[in-house]
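K.L.:
So the mapping is simple: the working numbering equals the position in the sequence shown, first residue as 1, plus 647.
We treat Cβ as the ideally placed atom computed from N, Cα and C, and that holds for glycine.
These numbers were taken from a predicted model, which means no experiment stands behind them.
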Amino acid sequence: MKLFKQIIFPVLIGGALFMSACETNSNYINPKELIEAEQELLDRYYHEGMHSGMTRIDSMTAASIDTVDHRFESGLMMFHTKIGEGDSIKVFKRVGYRFTAFNIAQDEETDVTYEAYAGTNESSYSPASYTTFPVNDAGSASGTGVPLGLNEALLHMRFGGEAKIVLPSEIGGVNGYYTTIYELRVTYLEH
648 MKLFKQIIFP VLIGGALFMS ACETNSNYIN PKELIEAEQE LLDRYYHEGM HSGMTRIDSM
708 TAASIDTVDH RFESGLMMFH TKIGEGDSIK VFKRVGYRFT AFNIAQDEET DVTYEAYAGT
768 NESSYSPASY TTFPVNDAGS ASGTGVPLGL NEALLHMRFG GEAKIVLPSE IGGVNGYYTT
828 IYELRVTYLE H
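(1) Quick check: the Cα distance between D734 and F806, rounded to an integer number of angstroms?
(2) What's the C-alpha gap between Y824 and V793?
(3) Can you name, in chain order, every residue of its own chain whose Cβ lies under 7 Å from the Cβ of N768, other than the five neighbours on each side?
(4) Who are the Cβ neighbours of L650 in its own chain at under 8 Å, not counting the five residues just before and after it?
(5) V738 and F780 - do their beta-carbons sit closer together than 8 Å?
(6) Can you tell me the Cα-Cα spacing of V759 and H694, whole angstroms?
(7) Specify, as a first and last residue, the run of the beta strand (DSSP E) that I812 falls within.
(8) To the nearest angstrom, how far is the alpha carbon of L802 from that of G808?
(9) Would S711 and H727 be called neighbours here (beta carbons separated by less than 8 Å)?
(10) Using a Cβ-Cβ cut-off of 6 Å (strictly less than) and excluding sequence neighbours within five positions of I812, which residues of its own chain qualify?
(11) For Y675, count the other beta carbons within 10 Å of its own beta carbon; 16 or more makes it buried, fewer makes it exposed. Which is it?
(12) Should Y764 be labelled buried (16 or more other beta-carbon atoms within 10 Å of its own) or exposed?
(13) Ignore the nearest five residues each way along the sequence and tell me which others in P815's own chain have a CB closer than 7 Å to its CB.
(14) Tell me the rounded alpha-carbon separation between E755 and T702.
(15) Using a Cβ-Cβ cutoff of less than 7 Å, which residues in the same chain neighbour T778 once the five nearest sequence positions on both sides are dropped?
(16) Does any CB atom of chain C fall closer than 8 Å to the CB of E683?
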């Protein structure tokens, strides 16, 4: 028994640890690879041809009143569909907004990208109600309840304004590595 405790048992445990360390873990998920895959899908989404013969990004730009392109800084891409009234939203003002969110997805059979419904804050029970949030400067929205990218987009909007916003996961406020598209409408602005 003493031989087992002093020699055999430690050798068995050591061997098991060595074997588990040498074994490849197929369950390991590399975040860098997930971000690269998200970016590839987003690039496909932007540059895929539409029925009109235009790429999706050209089609969305043509259908918008104004475009904010921060793809190479923060990742935000914004297409204004209605400008709104009054001054633009200022830092530290409270804002209410409505959104419908979509995730960029890819059809496994056709490899075509599309917008998959992800949710909304619209309520059929109380359509006039909304929650207000403080808007911070573009780089520090944490703790406000507003995803960083939505916060940045709101700073480019006015009361009553509407926009289609494309937010990569880094600024989209979602768990996972997928780009979210918001159809956003400003419904309240503190004076």
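P.N.:
On the basis of the coordinates in this document:
(1) Start at 1 with the first residue of the sequence shown, and residue 734 comes out as number 87. Start at 1 with the first residue of the sequence shown, and residue 806 comes out as number 159. Their backbone Cα atoms lie some 8 Å apart in a straight line.
(2) Taking the sequence shown and counting its residues from 1, one reaches residue 824 at position 177. Taking the sequence shown and counting its residues from 1, one reaches residue 793 at position 146. One C-alpha to the other measures close to 18 Å.
(3) On the sequence shown, residue 768 is found 121 positions in, with the first residue counted as 1. R745 and F746, listed in sequence order.
(4) Walking along the sequence shown from the start, residue 650 turns up at place 3. Note that L650 has pLDDT 48, beneath the 50 cutoff, so the model's placement of it is unreliable and the number below is only indicative. Same-chain partners within the cutoff: there are none.
(5) Taking the sequence shown and counting its residues from 1, one reaches residue 780 at position 133. Taking the sequence shown and counting its residues from 1, one reaches residue 738 at position 91. The answer is no: Cβ separation not under 8 Å.
(6) As a first step, residue 759 must be located in the sequence shown, where it is residue number 112. As a first step, residue 694 must be located in the sequence shown, where it is residue number 47. In a straight line, the C-alpha of V759 is about 11 Å away from that of H694.
(7) Within the sequence shown, residue 812 is the residue found at index 165, counting from 1. It spans E809 to L814 - the beta strand (DSSP E) in which I812 sits, taken as one unbroken run.
(8) Here residue 802 refers to the residue found at position 155 of the sequence shown. Here residue 808 refers to the residue found at position 161 of the sequence shown. Rounded to the nearest angstrom, the two C-alpha atoms are 11 Å apart.
(9) The residue labelled residue 711 in the question sits at position 64 within the sequence shown. The residue labelled residue 727 in the question sits at position 80 within the sequence shown. Cβ atoms of S711 and H727: closer than 8 Å.
(10) Residue 812 sits at position 165 when you count from the first residue of the sequence shown. Answer for I812: M725, A800, Y829 and L831, listed in chain order.
(11) Walking along the sequence shown from the start, residue 675 turns up at place 28. Exposed: under 16 other Cβ atoms inside 10 Å.
(12) Position 117 of the sequence shown, counting from 1, holds the residue named residue 764. Y764 is exposed by the Cβ-count criterion.
(13) Looking up residue 815 in the sequence shown gives position 168. For P815, where only same-chain residues beyond five positions count, the Cβ hits under 7 Å are E685, L689, G722 and T826.
(14) Along the sequence shown, read from residue 1 onward, the residue named residue 755 stands at position 108. Along the sequence shown, read from residue 1 onward, the residue named residue 702 stands at position 55. Distance between the alpha carbons of E755 and T702 is about 21 Å.
(15) By 1-based counting over the sequence shown, the position of residue 778 is 131. Correct list, in chain order: G743.
(16) Protein chain content of the structure displayed is limited to a single chain, and chain C is not contained in it.
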